[in-house]
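What follows is a set of notes on a single structure, which appears directly below.
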Amino acid sequence: MADIEDMRKDFATVWVDVIQFGDADLISGLGKIFGLHSLALEDAVNTHQRPKVEEYDDQLFVVALMLDAKGSIDTEQVAFFIGEGYVVTFQEKRGDCFENVRDRIRKGTGRIRTASSDYTAYALLDAIVDGYFPALEKSGDTLELLEDHVISSPKPSNITELHHLKRDLLLLRRAIWPHRELFNSLIRDEHPLISKETRLFLRDCYDHTVQLMDIVETYREMASGLIDVHLSSVSMKLNEVMKVLTIVATIFIPLSFIASVYGMNFDRETSPWNMPELGWYLGYPFALLLMSASAGGLLWYIWKKGWLQ
Amino acid sequence: MADIEDMRKDFATVWVDVIQFGDADLISGLGKIFGLHSLALEDAVNTHQRPKVEEYDDQLFVVALMLDAKGSIDTEQVAFFIGEGYVVTFQEKRGDCFENVRDRIRKGTGRIRTASSDYTAYALLDAIVDGYFPALEKSGDTLELLEDHVISSPKPSNITELHHLKRDLLLLRRAIWPHRELFNSLIRDEHPLISKETRLFLRDCYDHTVQLMDIVETYREMASGLIDVHLSSVSMKLNEVMKVLTIVATIFIPLSFIASVYGMNFDRETSPWNMPELGWYLGYPFALLLMSASAGGLLWYIWKKGWLQ
Amino acid sequence: MADIEDMRKDFATVWVDVIQFGDADLISGLGKIFGLHSLALEDAVNTHQRPKVEEYDDQLFVVALMLDAKGSIDTEQVAFFIGEGYVVTFQEKRGDCFENVRDRIRKGTGRIRTASSDYTAYALLDAIVDGYFPALEKSGDTLELLEDHVISSPKPSNITELHHLKRDLLLLRRAIWPHRELFNSLIRDEHPLISKETRLFLRDCYDHTVQLMDIVETYREMASGLIDVHLSSVSMKLNEVMKVLTIVATIFIPLSFIASVYGMNFDRETSPWNMPELGWYLGYPFALLLMSASAGGLLWYIWKKGWLQ
Amino acid sequence: MADIEDMRKDFATVWVDVIQFGDADLISGLGKIFGLHSLALEDAVNTHQRPKVEEYDDQLFVVALMLDAKGSIDTEQVAFFIGEGYVVTFQEKRGDCFENVRDRIRKGTGRIRTASSDYTAYALLDAIVDGYFPALEKSGDTLELLEDHVISSPKPSNITELHHLKRDLLLLRRAIWPHRELFNSLIRDEHPLISKETRLFLRDCYDHTVQLMDIVETYREMASGLIDVHLSSVSMKLNEVMKVLTIVATIFIPLSFIASVYGMNFDRETSPWNMPELGWYLGYPFALLLMSASAGGLLWYIWKKGWLQ
Amino acid sequence: MADIEDMRKDFATVWVDVIQFGDADLISGLGKIFGLHSLALEDAVNTHQRPKVEEYDDQLFVVALMLDAKGSIDTEQVAFFIGEGYVVTFQEKRGDCFENVRDRIRKGTGRIRTASSDYTAYALLDAIVDGYFPALEKSGDTLELLEDHVISSPKPSNITELHHLKRDLLLLRRAIWPHRELFNSLIRDEHPLISKETRLFLRDCYDHTVQLMDIVETYREMASGLIDVHLSSVSMKLNEVMKVLTIVATIFIPLSFIASVYGMNFDRETSPWNMPELGWYLGYPFALLLMSASAGGLLWYIWKKGWLQ
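Protein sequences, first through last, are from chains A, B, C, D and E.
At the far end of the first sequence sits residue 309, using full-length UniProt numbering, and the numbering has no gaps.
At the far end of the second sequence sits residue 309, using full-length UniProt numbering, and the numbering has no gaps.
At the far end of the third sequence sits residue 309, using full-length UniProt numbering, and the numbering has no gaps.
At the far end of the fourth sequence sits residue 309, using full-length UniProt numbering, and the numbering has no gaps.
At the far end of the fifth sequence sits residue 309, using full-length UniProt numbering, and the numbering has no gaps.
Written out as structure tokens, the structure is:
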């Protein structure tokens with residue numbers, strides 16, 4: 001703890017990153033050192049906050065949602081306390097998207113090393129927003145793959161996959177959406193802690209958030225469209241199956257009937273009215289001709305209906 | 001009644017909770033003691049109000065909707081009169097979500113015992129908002145269960161269950177939605193009764209309300225998506241059933257026809273043209289071969305169509 | 001006419017209610033007595049106005065839509081001229097929802113008898129808004145009935161009834177919606193004719209209008225949901241019908257084929273290859289066994305597919 | 001041209017109506033006489049503008065869309081230059097909805113003859129807005145007719161007609177929608193050319209535009225609803241057809257099978273096991289009984305399923 | 001580089017167009033000459049910006065999206081730096097829609113040669129917006145073609161084509177939409193670089209963008225409508241196919257059954273109960289009559305159902 005006090009004298013900005021905040025003493029200690037507002041501290045530790053900005057006297061309290069890992073859609077809350085000369089962050093779990101920022105600090109590259117606290121906060125928030133792009137790219141790839149499948153050979157599993165994709169996009173939208181208001185509020189509210197220049201950088205974050213929302217919405221509409229295409233091609237397939245059944249049944253059922261008639265056993269000897277055809281010289285060819293005519297007529301009807309294409 | 005007058009002298013804040021307001025005298029008595037505005041008092045007793053905030057000179061009148069019990073979606077109106085040193089609440093029925101607040105008051109834990117009336121009102125409103133979460137969790141569980149069913153083995157009853165779930169979410173949305181405006185108005189309108197600090201707490205209530213709306217909307221979209229999945233899998237099943245029917249019928253109908261033909265009774269003795277096949281040395285094997293060829297050809301056609309997968 | 005002039009001296013507020021305005025002289029006479037603006041007077045008589053508020057110098061002109069009768073969805077225009085000491089209303093037809101207000105005036109109960117013109121106008125507008133609730137209740141009852149039918153035993157007529165219900169709700173929404181703006185404008189615009197106290201009452205009308213819109217929207221979404229449920233249960237029924245057809249056809253078509261084969265008349269005396277089965281000692285039992293095996297195999301296949309549940 | 005200059009001295013307002021603006025000289029001449037802004041003049045002649053209001057120093061430039069003819073949905077651009085003492089209009093084609101206004105001017109009835117330029121412009125704009133009502137009435141009639149057809153006897157052509165109706169309504173909406181902003185801007189922007197009284201008249205135009213939008217939206221929702229009804233009744237019909245097929249096939253296929261069995265030619269003389277039924281004293285009645293029992297059982301099953309209603 | 005410095009002295013406005021910005025030196029050189037803000041320069045080179053306007057002290061930074069080629073829907077980023085006396089543009093690829101502007105500059109026609117930098121920027125932005133119209137026209141043509149196909153003879157491929165069309169329109173909407181805000185911001189924000197007159201011109205660009213959005217939305221709704229029409233006509237076709245199958249099967253299955261019955265081989269010599277019909281004098285005509293009666297009755301039933309139309 002005393003180290004932190006010391007560091008605050010030596011560096012332009014101190015960034016304290018608290019992960020898996022189980023230790024209540026540590027947290028209250030940090031609260032004392034940096035003068036963190038108790039209500040905000042409660043929010044920081046309570047992990048079901050919505051992304052937001054809250055102004056306290058000499059402090060900004062920001063809650064953002066970070067994706068757990070590359071391409072995942074599980075989110076993790078990150079709370080920021082931004083004050084003169086310090087940034088304190090609280091993360092739920094180990095593993096984050098800040099490695100890049102840490103590298104830049106370690107190597108001392110870029111302006112991050114000498115920057116004031118607002119720039120440090122921007123760099124971290126920017127890393128969080130950028131962390132959403134890989135997840136969206138993955139969704140985009142899935143969508144493209146499903147598009148190919150659905151159009152060429154729709155399978156029952158496709159609809160489930162599309163449903164899962166839509167659900168993921170819904171969750172991403174729910175995570176991304178409030179960040180728009182968050183950045184808007186940071187840019188617009190002119191808090192003294194946020195310098196005019198950092199505001200220019202935050203404008204970029206805002207633009208990225210809007211872009212993320214754009215992509216999510218486009219993907220969602222495409223996925224909805226694909227469900228329609230899927231339903232339609234299932235219908236078309238059913239149509240095709242039924243057409244084959246109908247053609248085969250329609251042609252052969254009358255033929256079978258004719259054959260059945262001449263398979264009846266009426267006693268020709270009792271009366272000349274009983275099935276005289278069976279005794280005709282060309283009875284069998286006549287029956288075959290009758291069948292051919294019936295089949296031909298029906299085929300012609302079916303062809304006229306346009307079912308043979 | 002006189003008791004209440006006394007208590008007002010002894011405590012920082014008096015909370016009077018009126019349940020099942022049938023007694024008109026009691027109500028007019030309370031109205032006199034606390035100077036409750038008659039129009040607001042009418043609204044408090046009339047149980048079909050929409051959540052709202054109304055400012056009277058030295059009083060805030062707030063109507064909120066509370067869920068009846070854990071996981072239920074029936075709502076009950078709670079009217080609040082918030083004034084200097086007192087909070088009067090009117091509930092429709094016994095049974096509420098204030099037990100937690102009462103416990104804290106009884107045990108004297110937290111700041112609730114010494115707090116001013118605005119904090120007491122906040123604590124009660126917060127309890128109301130928190131009361132919606134279990135109902136939503138229950139809906140979420142139902143949704144997850146239905147998702148499993150619909151994807152693995154859709155049943156006709158699923159669609160009815162999804163319909164009921166959507167209706168419940170619709171009713172929850174209708175109940176939650178106006179609270180957003182309610183909290184927004186309490187935070188924004190700067191009524192002298194609401195201290196700056198309580199406003200910070202009310203911001204939390206507002207955030208929770210927005211979160212509740214988010215969840216309701218997400219669940220509703222998921223339920224709508226599941227209905228699509230359900231309809232689609234019903235269509236796919238129909239397709240499969242029809243394919244089996246078509247394959248069986250398409251193969252056997254021509255075979256039966258051939259068999260019927262050779263079951264005809266044309267008189268072979270009358271003429272050599274009448275069914276000479278019946279007298280061939282290999283007539284029967286020829287007929288069987290004809291049938292096999294026909295079946296084979298159709299199977300090949302069906303296989304080519306991709307219906308055997 | 002002179003009577004009206006007299007009355008204006010004797011009463012706090014004069015309410016003139018013009019029904020079936022065919023008499024142009026009467027109307028221009030009234031226009032002169034109360035100084036009604038000619039453009040507004042034209043609007044009042046022209047019966048296709050949208051609910052609105054228009055301010056003239058010392059006068060408010062309000063157009064509202066009233067439901068014709070309890071539970072009907074046909075609307076009738078009511079125009080109000082509200083001035084210092086008078087309210088003039090123009091109705092299209094006999095029969096309205098003001099009986100209640102008239103009763104209160106006749107009996108002299110409540111504040112209506114001594115009230116100023118703004119309160120009288122409020123009382124009438126309130127009666128109009130309250131007149132929508134029975135129509136919505138009727139729609140709600142129809143919806144509940146249809147819900148029961150659609151879920152338990154969907155009939156083709158249900159879809160037509162749902163369509164009519166949706167159309168009625170659409171028309172109700174179109175009628176109610178502009179009243180929201182109407183009341184909002186009366187409350188917000190601070191016209192000197194509307195006292196601060198009446199504004200409190202109008203807030204209630206506004207709340208009722210919002211509540212009406214809420215209910216209409218909820219009912220519309222429920223009706224849309226029921227159409228989905230209906231379509232889905234029709235699909236499920238088709239599935240069931242097709243499953244029965246497929247099971248019966250799939251089992252019996254191969255059996256019939258076998259029977260047909262042994263019904264062929266190939267000449268067994270010509271060659272030992274011709275249908276030797278017919279002469280076997282256990283030929284018939286063999287054929288029956290063959291049929292049983294075929295039927296059993298297909299039943300097993302169908303059972304495995306899960307179509308027998 | 002000189003005539004126009006003269007007229008400007010003699011009349012309160014000069015209205016110049018340019019139709020089929022091919023003559024560039026004429027247009028530049030008019031531009032000089034009335035001091036028309038060149039950018040606006042370009043817009044007036046370029047016929048793909050969106051309805052809008054643009055203020056130039058001492059001039060208002062208004063573009064509106066007029067329906068070509070009664071009941072048509074093709075629109076034609078009308079550009080207005082409104083200045084002190086003159087209105088210049090540019091129309092694409094001959095034939096407009098201004099005949100009524102011209103009549104009033106010719107007969108000198110109403111205030112149109114002595115009115116200032118803003119009133120003249122209002123009269124023309126009002127005529128344009130009123131011109132949309134017949135087109136909507138025609139759509140309403142078509143919708144009603146289609147409603148009757150779809151509910152009583154849906155035909156494949158209905159869906160195409162509904163599609164065309166929806167497309168027409170879409171185009172009408174696109175044409176009407178920007179006029180709302182146009183009138184709103186004329187009323188709200190307080191341009192010195194528009195007198196306070198004309199603003200009252202323009203409020204009426206605004207109301208009509210809102211009403212038009214209301215009707216278009218209602219019709220569009222009704223048409224969408226009818227498409228659902230149509231799809232549903234097509235499904236119900238398919239269901240009915242399939243039920244008849246299934247009942248007939250389910251009952252007769254087993255019967256035919258039984259008949260086929262007793263049509264087999266197993267040699268009864270070879271063995272007592274071969275088709276002994278054929279030699280029974282009551283063999284034929286037994287077979288008929290078997291068939292009746294089978295048919296009866298299946299009919300009972302079908303009746304129990306509720307398919308015979 | 002020095003050339004550019006010279007040119008800045010000689011011309012009213014210098015337009016530098018950078019294509020395929022691989023050369024970092026060139027870019028930093030330009031940055032120095034024109035004093036381009038480094039953050040904006042980064043954005044200009046980073047090709048995934050959203051259309052936007054950003055104000056720097058004496059400079060406007062504008063990012064727009066240009067369509068690659070006539071009728072294509074691939075977009076390319078164009079970044080503008082607009083300052084006193086210069087416009088610097090950065091394009092991703094060769095090939096743009098500025099040829100028209102270049103021609104006007106080369107030929108010295110119009111005001112473009114002597115115009116200030118804001119007019120030059122307007123001319124380029126106008127060319128970008130106008131570049132969207134051919135792409136939309138192509139979509140419109142595709143839509144019309146598909147409409148004809150879907151209504152007259154729907155094919156499975158139509159649904160895929162409609163899906164692709166909807167996707168293209170979605171991407172166009174995503175590209176066009178932010179330009180509306182871009183132009184709105186240029187018109188409204190009153191930056192000193194944008195003269196009042198150029199604002200009038202930019203109003204036209206804004207109008208075009210709104211018009212583009214209108215067309216895209218109309219096309220999207222039409223495409224969605226066509227998918228419904230397609231699904232409906234597929235359903236109607238299935239209905240027709242099933243009706244033919246049902247009629248043929250329903251009529252012939254009972255007939256075949258009758259024929260099968262009289263094809264049974266019960267031994268007439270054993271008992272007078274065994275198939276006495278076979279020995280009747282008019283047995284065969286009786287059987288044919290029975291069949292005709294059955295077929296006639298079923299045809300009458302089917303005709304009554306209205307399935308023969």
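Beta carbons: idealized from backbone N, C-alpha and C, even for Gly.
Only a predicted model underlies this, so the values are computations on that prediction, with no experimental measurement involved.
In the structure shown, Ile302/C adopts helical secondary structure according to DSSP, grouped into three states. Excluding the 5 residues flanking it on each side, Ala295/D has same chain C-beta neighbours closer than 7 Å at Ile251, Leu255, in chain order. For chain A, the residues of the segment 230-256 of chain B that bring a beta carbon within less than 8 Å of one of its beta carbons are Leu231, Ser232, Ser233, Ser235, Met236, Leu238, Asn239, Met242, Lys243, Leu245, Thr246, Ala249, Thr250, Ile253, Pro254, Ser256, in chain order. Contact annotation: Val229/B and Ile159/B have beta-carbon atoms that are not nearer than 8 Å. Note on geometry: alpha-carbon atoms of Trp303/D and Met291/D lie some 18 Å from one another.
Residues of chain D with a Cβ closer than 7 Å to the Cβ of Tyr262/C are, in chain order, Met264, Asn265, Phe266. For Leu231/D and Ala249/E, the gap between their C-alpha atoms comes out near 26 Å. For Ile19/D, the enclosing beta strand (DSSP E) covers residues 14-19. Here Met291/A carries a helix assignment [DSSP, helix/strand/coil].
Rounded to the nearest whole angstrom, the C-alpha separation of Ala121/E and Glu161/E is 38 Å. Distances from the CA of Gly297/B to each of Pro285/B, Ile247/B, Trp273/B were compared; the closest alpha carbon is that of Ile247/B. Shown here for Arg268/C: same chain residues with a beta carbon closer than 7 Å to its own, the five before and five after excluded, namely Asn274, Met275, Leu278, Gly279 in chain order. Look at Leu36/D here: in three-state DSSP terms it is coil, with no helix or strand label.
Closest option to Val101/B, judged by alpha-carbon separation, among Ala223/B, Ile112/B, Val53/B: Ile112/B. For Tyr132/A, the secondary structure class from DSSP, reduced to helix, strand or coil, is helix. Note that the C-beta distance between Pro156/E and Ser233/E is not below 8 Å. Neighbours of Leu282/B in chain C, taken as residues at a C-beta separation under 9 Å, are given in chain order as Ser271, Trp273, Asn274.
Under the 10 Å beta carbon count, Phe81/C is surrounded by 16 or more other beta carbons and is classified as buried. Rounded to whole angstroms, Glu190/B and Arg104/B show a C-alpha spacing of 28 Å. Between the beta-carbon of Gly225/A and that of His163/E there is about 5 Å, and that keeps the pair under the 8 Å contact cut. In the three-state reduction of the DSSP assignment, Ala24/A falls in the helix class.
For secondary structure counted as the beta strand (DSSP E) over 3 or more consecutive residues, the segment 79-156 of chain B holds these complete runs in sequence order: 86-91. Using a CB distance cut-off of 8 Å, Gly279/A counts as an interface residue toward chain B.
Interface annotation, Ala259/E: in contact with chain A, CB-CB separation under 8 Å. With its beta carbon at least 8 Å from every one in chain A, Arg180/B lies outside the interface.
With a threshold of 16 other beta carbon atoms within 10 Å, Ala64/B meets it and is buried. Residues of chain C with a Cβ closer than 8 Å to the Cβ of Gly225/D are, in chain order, His163, Lys166, Arg167. No Cβ of chain B is located within less than 8 Å of the beta carbon of Val129/C.
For Ala69/E, there is no enclosing beta strand (DSSP E), as DSSP marks it with neither H nor E. It is roughly 11 Å from the alpha-carbon of Lys93/E to the alpha-carbon of Asp17/E.
Minimum Cα-Cα distance from Gln49/C among the listed residues Asp25/C, His208/C, Ala40/C, Leu125/C corresponds to Ala40/C.
Residue-level contact check: Arg50/C touches chain D, since one or more beta carbons of chain D fall below 8 Å from its beta carbon. Two segments are said to touch when three or more pairs of C-beta atoms, one from each, lie closer than 8 Å; by this definition the segment 179-198 of chain B does not touch the segment 22-34 of chain A.
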